[in-house]
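Trainee: In the numbering used here, the protein residues as written are 168 to 631. Note that CB positions come from ideal geometry on N, CA and C, so glycine has one too. What follows is a structure written as structure tokens; I'll ask about it next.
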């Protein structure tokens, strides 16, 4: 029998469990916030309650996946099939997803500012370029969403607003809340560790409550002395409060129960388990509304299609296809707990993309593909998206954009993906916070690109 001592994390465990979002939140996040507007007239759609962002971390080869182009480097065994007139897909790589492409809008004209992984993945998490002078105060996008969603939290919501799975495997790790309060931190979970030992029996619950009572009395007795330690000590208090509420909520261990049937359908891999847990967490309807799933390992500069090597795109696609397809299937069949007649997919915007693409054409001299930021695709489903839509186009080789696919002549960027997610949740992305520690305004979506102004629209074309 497990005791509460086996199940309550230590301070070190809490920091690790909560990810770098809490551990690195080092600037003052308790100053009163002063809001302004960037001047852009945003019209949030409010078509979704939740976001799942699936990061194909390391970058999938776009010309052999969702923007297929036959080139000198294309493997001969992909079994490319026509899904519809404007979509060809490898049946070998995506046999399950092939059946669900009617749910997706595919944007094929994205441009990234970045072309190296650390900066690209920082860009994905924050929605802006890395500026080392201000990086310490910049929050993750999920933390900004948690801030905005705070007012919507109900008394019974015990789950964190922002959760992630496997984000510690990304190059920058799980980023901090920056100048925001640590309560908006990501709770980043190692998927396999999370499913072990999550149940509390009655005796353990009694012991938990007794220890919590004693801890609360001790903190109250020491209140005046502890207050002198400032924000760091209050952060621990907030985090312990969150841990206690989670451990006392029967929905938390329930969210981490996984059947063998689920493991078989999703794939018994870290990303498969991550997708199961993301489904479970949203199905509990307990306060989590933004989930970031990281699927690492796609950086195949060498032997990208060589099955004899330890890692290659065949292997990664065999993880991605069942995990992502099963997630879409289950969200679509799970009824909403708040709106009759709707599914969990109807109220969840699902986004899947890498930080950039991979070089098209012939393979390099190491039989791999390098980084390519000039044009690459993203997938969108649920949350009001019009399935079967193709937005934008690359040229015949998949090397550069041929059509941007929206009302701007400029290519959409990750900033526009971020604006689309804010918009789906009904958040005004034209807001900015002006009293940051550096004194520099923090716009939710930054219009300053590397070469000047960039549009900050949401990608309206995915809604048809």
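Between the region 537-550 and the region 513-520, are three or more C-beta pairs nearer than 8 Å?
Mentor: yes
Trainee: With distances taken between CB atoms, is the gap from residue 118 to residue 338 smaller than 9 Å?
Mentor: The question about residue 118 has no answer, for the chain in this structure spans 168 to 631.
Trainee: Put residue 229 into one of helix, strand or coil per three-state DSSP.
Mentor: Start at 1 with the first residue of the chain shown, and residue 229 comes out as number 62. In this structure, residue 229 counts as helix in the three-state DSSP scheme.
Trainee: Thinking C-beta only, is residue 564 closer than 9 Å to residue 606?
Mentor: Stepping through the chain shown from its first residue, residue 606 is reached at position 439. Stepping through the chain shown from its first residue, residue 564 is reached at position 397. Not closer than 9 Å, so no.
Trainee: What number of angstroms, rounded off, separates the C-alpha of residue 254 from the C-alpha of residue 236?
Mentor: Working through the chain shown from its first residue, we reach residue 254 at position 87. Working through the chain shown from its first residue, we reach residue 236 at position 69. Taking the straight line from one Cα to the other gives about 11 Å.
Trainee: Can you tell me whether DSSP reads residue 523 as helix, strand or coil?
Mentor: For the purposes of this step, residue 523 is taken as the residue at position 356 of the chain shown. In the structure shown, residue 523 sits in coil (DSSP, three-state: anything other than H, G, I, E or B).
Trainee: For residue 360, write down the residues that DSSP places opposite it in a beta bridge.
Mentor: Position 193 of the chain shown, counted from the first residue, corresponds to residue 360. Its beta-bridge partners do not exist; DSSP assigns none.
Trainee: Going by C-alpha to C-alpha distance, which of 630, 557, 494 and 217 sits closest to residue 252?
Mentor: Here residue 252 is taken as the residue at index 85 of the chain shown, counted from 1. Closest option to residue 252, Cα to Cα, is 557.
Trainee: What three-state label does DSSP hand residue 518 in the structure shown?
Mentor: Counting from 1 along the chain shown, the entry for residue 518 is found at position 351. Reduced to three states, the DSSP call for residue 518 is strand.
Trainee: Buried or exposed: where does residue 333 fall if 16 or more other Cβ atoms within 10 Å of its Cβ makes it buried?
Mentor: Within the chain shown, numbered from 1, the residue matching residue 333 stands at position 166. Looking at its Cβ environment, which holds 16 or more other Cβ atoms inside 10 Å, residue 333 is buried.
Trainee: Of the choices 542, 224 and 449, whose alpha-carbon is the least far from that of residue 335?
Mentor: Sequence index remark: in the chain shown, residue 335 carries index 168 (1-based). Looking at the Cα atoms, 224 is the closest of the given residues.
Trainee: I'd like the ranges of any beta strand (DSSP E) spanning at least 3 consecutive residues and lying wholly in the region 232-304.
Mentor: 247-251, 254-257 and 271-277
Trainee: Closer than 7 Å by C-beta to residue 541: which residues in its own chain qualify, once you throw out the five before and the five after it? Chain order, please.
Mentor: Within the chain shown, residue 541 is the residue found at index 374, counting from 1. So the qualifying residues of the chain are 278, 566 and 567.
Trainee: Report the rounded CA-to-CA distance for residue 483 versus residue 340, giving the unit in angstroms.
Mentor: One-based indexing of the chain shown puts residue 483 at position 316. One-based indexing of the chain shown puts residue 340 at position 173. Cα to Cα, residue 483 sits roughly 20 Å from residue 340.
Trainee: With residue 330 as the anchor, note down where its alpha helix (DSSP H) starts and where it stops.
Mentor: In the chain shown, the residue the question calls residue 330 occupies position 163. Residue 330 -> not in any alpha helix (DSSP H); beta strand (DSSP E) instead, spanning 329-332.
Trainee: Could you check whether the region 421-431 touches the region 299-311, counting it as contact only if at least three pairs of C-beta atoms, one from each stretch, sit closer than 8 Å?
Mentor: no
Trainee: With a cut-off of 8 Å on the beta carbons, I'd call residue 449 and residue 511 a contact; round off their distance for me.
Mentor: Here residue 449 refers to the residue found at position 282 of the chain shown. Here residue 511 refers to the residue found at position 344 of the chain shown. Between residue 511 and residue 449 the Cβ distance is about 6 Å, and since that is below 8 Å, they are a contact.
Trainee: To the nearest angstrom, how far is it from the Cα of residue 614 to the Cα of residue 417?
Mentor: For the purposes of this step, residue 614 is identified with residue 447 of the chain shown, where counting begins at 1. For the purposes of this step, residue 417 is identified with residue 250 of the chain shown, where counting begins at 1. The alpha-carbon atoms of residue 614 and residue 417 are separated by roughly 44 Å.
Trainee: In chain order, what residues of the same chain have a beta carbon less than 6 Å from the beta carbon of residue 442, not counting five sequence neighbours either side?
Mentor: As a working note, residue 442 is residue 275 in the chain shown. Here the set comprises 433, 490 and 494.
Trainee: DSSP state of residue 210, grouped into three classes?
Mentor: Taking the chain shown and counting its residues from 1, one reaches residue 210 at position 43. Annotated three-state conformation of residue 210 is coil, per DSSP.
Trainee: Alpha carbon to alpha carbon, how far is residue 211 from residue 231? Give it in angstroms, no decimals.
Mentor: As a working note, residue 231 is residue 64 in the chain shown. As a working note, residue 211 is residue 44 in the chain shown. Approximately 34 Å between the Cα atoms of the pair.
Trainee: Smallest Cα separation from residue 496: which of 478, 485 and 446?
Mentor: Taking the first residue of the chain shown as position 1, residue 496 is located at position 329. Among 478, 485 and 446, the Cα nearest to that of residue 496 is on 446.
Trainee: Would residue 628 be called buried (16 or more neighbouring beta carbons within 10 Å of its own) or exposed?
Mentor: Start at 1 with the first residue of the chain shown, and residue 628 comes out as number 461. By the beta-carbon neighbour count (other beta carbons within 10 angstroms, threshold 16), residue 628 is buried.
Trainee: Just list the residues that DSSP pairs residue 217 with in beta bridges.
Mentor: For the purposes of this step, residue 217 is taken as the residue at position 50 of the chain shown. According to DSSP, which records beta bridges pairwise, residue 217 is partnered with 515.
Trainee: Just to confirm my understanding: we take residue 620, look at its own chain, exclude 5 residues before and 5 after, and list those with CB closer than 6 Å. What are they?
Mentor: Numbered from 1 along the chain shown, position 453 holds the residue referred to as residue 620. The residues are 614.
Trainee: Quick one: complete beta strand (DSSP E) runs, 3+ long, within the region 575-615?
Mentor: 598-600
Trainee: Could you tell me which residues DSSP puts in a beta bridge with residue 496?
Mentor: Reading the chain shown from its first residue, position 329 is the one you call residue 496. Its beta-bridge partners do not exist; DSSP assigns none.
Trainee: Which value, in whole angstroms, describes the spacing of the CA atoms of residue 258 and residue 473?
Mentor: For the purposes of this step, residue 258 is identified with residue 91 of the chain shown, where counting begins at 1. For the purposes of this step, residue 473 is identified with residue 306 of the chain shown, where counting begins at 1. Looking at the two C-alpha atoms, the distance is approximately 18 Å.
Trainee: Residues in the same chain with beta-carbon distance under 7 Å from residue 455, minus the five sequence neighbours each way, listed in chain order, please.
Mentor: As a first step, residue 455 is located in the chain shown; it is residue number 288 there, counting from the start. Same-chain partners within the cutoff: 326, 327, 328, 330, 448 and 449.
Trainee: Determine the direct distance from the alpha carbon of residue 307 to that of residue 292, and round the result to whole angstroms.
Mentor: The residue you call residue 292 lines up with position 125 of the chain shown. The residue you call residue 307 lines up with position 140 of the chain shown. When rounded, the distance between both Cα atoms is 5 Å.
Trainee: Compute the beta-carbon to beta-carbon distance between residue 552 and residue 272, rounded to the nearest angstrom, for a pair I have assumed lies under 8 Å.
Mentor: On the chain shown, position 385 is the one that residue 552 refers to. On the chain shown, position 105 is the one that residue 272 refers to. Going by Cβ atoms, the distance from residue 552 to residue 272 rounds to 5 Å, so yes, they are a contact pair.
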